[in-house]
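One structure is given here, and the rest of the page talks about it.
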Amino acid sequence: MAPKQLLIAGGGIGGLAAALAATRAGWEVRVFERTPQFSEVGAGIQLGPNATRILQSWGLGDALSAVAAFPERLQVRNALSGELLGGMPLGERMRTRYGASYATIHRADIHGLLATAVQQQAEVHLNLDQGLREFADDGCSVTITTEQGLQVEGDALIGADGVWSGTRQQLLGDSPPRVTGHLAYRTMLRQTSLPERLRSVQVTAWLGPRLHVVQYPVRGGEWMNVVAIVQGVPRADAPGWDQEAHVSDLQRAMGATCEPLQSLIAAVPAASVNEHAWRLWPLSDRAPVSGPGQMAGGLVGLLGDAAHPMRPYMAQGAGMAIEDAAALERALAMNAVDVPTRLRRYALERWQRCARVQARSIRNGQIFHSTGLIRLGRDVSMRLLGERLLDVPWLYKSS
Ligand SMILES: Cc1cc2nc3c(=O)[nH]c(=O)nc-3n(C[C@H](O)[C@H](O)[C@H](O)COP(=O)(O)OP(=O)(O)OC[C@H]3O[C@@H](n4cnc5c(N)ncnc54)[C@H](O)[C@@H]3O)c2cc1C
0 MAPKQLLIAG GGIGGLAAAL AATRAGWEVR VFERTPQFSE VGAGIQLGPN
50 ATRILQSWGL GDALSAVAAF PERLQVRNAL SGELLGGMPL GERMRTRYGA
100 SYATIHRADI HGLLATAVQQ QAEVHLNLDQ GLREFADDGC SVTITTEQGL
150 QVEGDALIGA DGVWSGTRQQ LLGDSPPRVT GHLAYRTMLR QTSLPERLRS
200 VQVTAWLGPR LHVVQYPVRG GEWMNVVAIV QGVPRADAPG WDQEAHVSDL
250 QRAMGATCEP LQSLIAAVPA ASVNEHAWRL WPLSDRAPVS GPGQMAGGLV
300 GLLGDAAHPM RPYMAQGAGM AIEDAAALER ALAMNAVDVP TRLRRYALER
350 WQRCARVQAR SIRNGQIFHS TGLIRLGRDV SMRLLGERLL DVPWLYKSS
C-alpha cells in the first residue's frame, strides 16, 4: 500500500521535528515553509531532558552533543542585590535523574540538526518560499493552496506555522494571540569578547521587580545567549515581532539592577559582532489549551506555537513542539484507525500537558517579575527551598 501523505505548514523547529516523526511512522511528508530560506534568528534556547530524550531516541544525540552546551548548574540571583538565592545542579544530575541532558543551544543549531536529519529522509520533500494560504478538508483528503498558487493534496495537514498560524485561524477561527506586555531583548556574544568576570558557562536567572534576565552558554560554551525580559510596550514606530532594539530603552528599564548585571548589559554593544547588538521581541501568547478540539479537527492538526504559544518562563516552547512531534509519530502509526481518529488521539495525548506548561509559564512570569511583599516571599522561598522549587520532575520525567 502506498504511504500516506502528510502536509506540514511551517519549517521551524516544530515543523521539522514533525516531518522527522512522521517518516518514522511510515508517512511521506511535504513541508511548506513561507520563507525562501531557512534562517533561524541569533538566539538561544534551553532544552530540558524531556526534549533531549526525544532527540536522543531519534538518533540525534551525537549531533546535539556536537553543537550544544551542557551547563553544570542553574543559579538564581536577585537582580537588584546580585545575591545568590538558590541553585540546582544540571549536568550529570539531570542525566542520572532523568536519563537525558539539560542542553542550551543556538536556535540555528537545533534547527540545522533537524534540517540535516530531515534532508536525509527520501520521504520528506521540502518546499521553501511556499506559504500556506488556505486549506480545504473534504473528509477524505485535505488540499492546501499556497500563497504562490500551488495546490497539493494529502491525507492530513499539520499546522506548525507558529504563533500567528494561518492554519489555526482557518481551523478554529479564534482571535489573534494576546499581547503580553512583556518585551524580550536578546543578544548572542562570543564569551571571549567579554571581560573575564562577565563570562559564564552556567545558566543564570536574575529575578527583578518587573523584569528578569537569563544568560547561558551555547555552542560548546564559546558563545553566550542573554535575554532580558522587561514589562512595557514597544515603540509605536517599530513594527514586527523581531525589531532592532534601542539600548537606551533597555538601560532605562534595568536602571536599579546590580552592578554585575548592568556591566553585562553595558558590555554588549562593544562585544557584539552585530551593528545592532540587541534584538527586541514583543511577546505574545494564548490562554492555555482548553480541550483536544483546539489541537486537531478532521484531517488537520496543530503543533508547536500554532497550537499552544506560551510565555518563555518555563523555557519549554520548543520542547513542547518536540514532544508534540513524538506524540504525532505514535498517533500517525495507528494504522488500524482512520486519520481523523489518529489526529484526535494526538490531541488527546497532548492538550492537558501543554495547557499545564502554558499555565505554569504564566505563573513563573508573575513570580520572576514580582514586586513588594511577594518579591520578598519569593526570595525567602528560593533561599530555603532552592532546588525543590527549581526542579520540575513532572515535566522532565515524562514527555
Ligand atoms: C524570548 C524567548 C525565549 C525562548 N526560550 C525558549 C527556551 O529556552 N526553550 C524552549 O524550548 N523554547 C523557548 N522559546 C520558545 C520557542 O522559541 C518556540 O516555542 C519555538 O520556536 C516554536 O517553534 P514552532 O516551529 O512551533 O514555531 P516557529 O519557530 O515560529 O516556526 C514557524 C515557521 O512557520 C513559518 N510560517 C509561518 N506562517 C506560514 C505559512 N502560512 N505557511 C508556511 N510557513 C509559515 C515561519 O516562517 C516559521 O519558519 C522561547 C521563545 C521566546 C520568544
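Sequential numbering of the sequence shown, starting at 0, is according to numbering that gives the first Met the number 0. Backbone N, C-alpha and C fix where the C-beta goes; we use that ideal spot for every residue, glycine too. Quantities reported herein were computed from a predicted structural model and do not represent experimental measurements.
- Take the alpha-carbon of residue 178 and the one of residue 253: they are about 22 angstroms apart.
- Contact between the segment 181 to 196 and the segment 46 to 64 is absent: fewer than 3 CB-CB pairs across the two stretches fall below 8 angstroms.
- When only Cα atoms are considered, residue 230 and residue 377 end up about 19 angstroms apart.
- For residue 267, the enclosing alpha helix (DSSP H) starts and ends at 258 to 270.
- Counting along the chain, residue 87 sits inside the beta strand (DSSP E) bounded by residues 83 to 88.
- Under the three-state reduction of DSSP, residue 243 is assigned to strand.
- Check the Cα spacing between residue 105 and each of 223, 251 and 150: the tightest is with 223.
- The alpha-carbon separation between residue 114 and residue 108 amounts to approximately 10 angstroms.
- In this structure, residue 133 sits away from residue 2, with a CB-CB distance that is not shorter than 8 angstroms.
- Per DSSP, the beta-bridge partners of residue 187 are 224.
- Contiguous beta strand (DSSP E) elements confined to the segment 302 to 374 do not occur, taking only those with 3 or more residues.
- Judged by pairs of C-beta atoms under 8 angstroms, the segment 66 to 86 touches the segment 197 to 215, as three or more such pairs exist.
- Relative to ligand 1, the beta carbon of residue 137 is positioned no closer than 7 angstroms to any heavy atom.
- Taken through DSSP and simplified to helix, strand or coil, residue 101 comes out as coil.
- Of the heavy atoms belonging to ligand 1, at least one sits nearer than 7 angstroms to the Cβ of residue 44.
- Distances between the C-beta of residue 337 and the heavy atoms of ligand 1 are all 7 angstroms or more.
- Residue pairing for residue 29: DSSP places it in a beta bridge opposite 6 and 124.
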